[in-house]
Amino acid sequence: MNILTNSLFTPYKLKDLELKNRVVMAPMCQYSVTAKDGIPNDWHHVHYLSRAIGGTGLIIIEMTDVEPDGRITDYDLGLWSDEHIPAFKKIVDGVHAHGAKVGIQIAHAGRKAEDAAVPVAPSAIVYPDAGYKQPRALTTEEVQGMVQKFADAARRAVQAGVDTIELHGAHGYLIHQFHSPLTNKRDDVYGQDLSRFGVEVIQAVRKEMPAGMPLIFRISAVEYVDGGYDVDHAIELSRAYQAAGVDVVHVSSGGEGPAGARKPGNYPGYQVPFARQIREALNVPVIAVGALDDPALAQSVIGNEDADLVAIGRGLLRNPYWGTHAAVTLRGEKPSIPEQYQRGY
């Protein structure tokens, strides 16, 4: 008998999003050399549908960029043109056909755009690692234009049929660069209020989304470089973003530069305390992520109410059927097994 009120395999509902379980596929770039002009192809189609067949509740499509030079590499996906919509719609329809829901992570790499001739950023501060290019600072007018690019990408995502949208404000990418004191040295309105760019993006994106569609925001709870911000700053940012229209916070950490005296954890669940802190401070649903591949650990995160959803990353790269196998492993859970595969279980 399952004594948990909520478990990894209880359904979850937020606004119009209804998930069959709490298992989320974290967005992970494929860097597929066969991707052309940001358009997903057969690799991406098979990649995402196999995880839907494998029992995942919510699949978040990898970082998808609002302009060509916003990609980490030229092998990444984009939504800067209406020409991208049909390929994404094919993936969304396929995922839906296998009982999963699908979101998409919309982003801009900023100073971490490796293949851009001249990357852009809030301030002309190069990413502190070998091989990164010197960025130029966006003008105030360009920042305002960037907000609209996020909104346009969101409109296209909605047209493609996604169930939710995630904005990438973590891992040292553009929104993160704006809300970090280390990378935002501007003297205009976007420097005077570090949350302003993120807030404007959220508000613009919300206008393109159906009222019942939840908006997810991914944030780095702490920075690991010396002098980086701590979780208190992330909580204040998340509070501003929640007020602007965010419904769920996806809590990660780091990515803004090489670690200094403080190091990221190398043990399962090392980011879960950050998720719980943000959940309790804001009374907002959160997604926990970070080495949660052990089904018992993922189960405990939900059962202990550390988070509302659990994102699996590398575990789902290794095993498309992680969701099904986790349900088999956990006693009292009923796995979701396609009819064609039932005799294998």
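All you need for this note's numbering is the position in the sequence shown, starting with 1, plus 638.
We put the CB at the ideal spot given by N, CA and C, even for glycine.
Remember, predicted model here, so these are calculated numbers, not experimental data.
Query	Result
Closest Cα partner of ILE925 within the set SER670, GLY865, SER858 and GLY903	SER858
Selected residue, minimal CA-CA separation from ASN822, among GLY953, VAL684, VAL758 and VAL966	VAL758
For PRO678 and ASN640, the rounded distance between their alpha carbons	For ASN640, the predicted structure reports a pLDDT of 45, less than 50, and the residue's modelled location is therefore unreliable. A value from the coordinates is still provided. Looking at the two C-alpha atoms, the distance is approximately 40 Å.
Nearest residue (CA-CA) to GLN743, options LYS651, ALA792, PRO819 and GLN772	ALA792
Inter-residue CB distance, GLY907 and LEU935 (contact presumed, cutoff 8 Å)	6 Å
With 16 other Cβ atoms within 10 Å as the buried cut-off, status of ALA768	exposed
Proximity winner among LEU652, ASN644 and PHE647, relative to ALA849 (alpha-carbon distances)	LEU652
Pair within 8 Å by beta-carbon distance, PHE835 and ILE813	yes
Beta strand (DSSP E) segment containing ALA745, residue limits	739 to 745
C-alpha distance - MET701 paired with ARG794, whole-angstrom precision	15 Å
Beta-carbon contacts of ASP944 that lie in its chain and below 7 Å, excluding the five residues immediately before and after	VAL910, ALA913, ARG914 and ALA926
Counted within 10 angstroms of its Cβ, other Cβ atoms place TYR959 as buried (16 or more) or exposed	buried
Same chain, Cβ closer than 6 Å to PHE647, neighbours up to 5 away in sequence not counted	ASN659, ALA965 and GLU971
Supposed contact pair GLY961 and GLY693 - C-beta distance, whole angstroms, cut 8 Å	3 Å
Residue closest to ARG917, alpha-carbon to alpha-carbon, out of GLU894, PRO896 and VAL884	VAL884
Helix, strand or coil at ASN640 according to DSSP, with G and I counted as helix	Model confidence at ASN640 stands at a pLDDT of 45, short of 50, so the residue's coordinates are unreliable; what they give is reported in the following sentence. Correct three-state label for ASN640: coil.
Cβ-based burial, GLY982 [other Cβ within 10 Å; buried from 16]	exposed
Extent of the continuous beta strand (DSSP E) run through PHE647	Here PHE647 belongs to no beta strand (DSSP E), and DSSP marks it neither H nor E.
Contact the segment 824 to 832 vs the segment 768 to 780: 3+ CB pairs below 8 Å	yes
Between the CA atoms of GLY892 and GLY810 - distance to the nearest angstrom	7 Å
Segments assigned alpha helix (DSSP H), at least 4 residues, entirely inside the segment 666 to 712	680 to 691
Cβ neighbours of ASP868 in the same chain (closer than 6 Å, five flanking residues each side left out)	VAL860
Beta-carbon separation (whole angstroms), ILE840 vs ALA882, contact threshold 8 Å	4 Å
Enclosing beta strand (DSSP E) for ILE857 [first to last residue]	853 to 858
Cut-off 6 Å between Cβ atoms - residues of its own chain near ALA725, not counting five sequence neighbours on either side	ILE677 and PRO678
LEU687 beta carbon less than 8 Å from that of LYS739	no
Inter-residue spacing [alpha-carbon to alpha-carbon] between GLN782 and HIS685	35 Å
Residue interval of the beta strand (DSSP E) (run including VAL886)	886 to 890
From LYS674, ILE697 and THR643, residue whose alpha carbon lies closest to that of LEU657	ILE697
Spatial distance of ASP931 from TYR862 (CA atoms)	23 Å
Segment limits, beta strand (DSSP E) that includes THR821	Taken as a continuous stretch (DSSP letters only), THR821 belongs to no beta strand (DSSP E), as it is neither H nor E.
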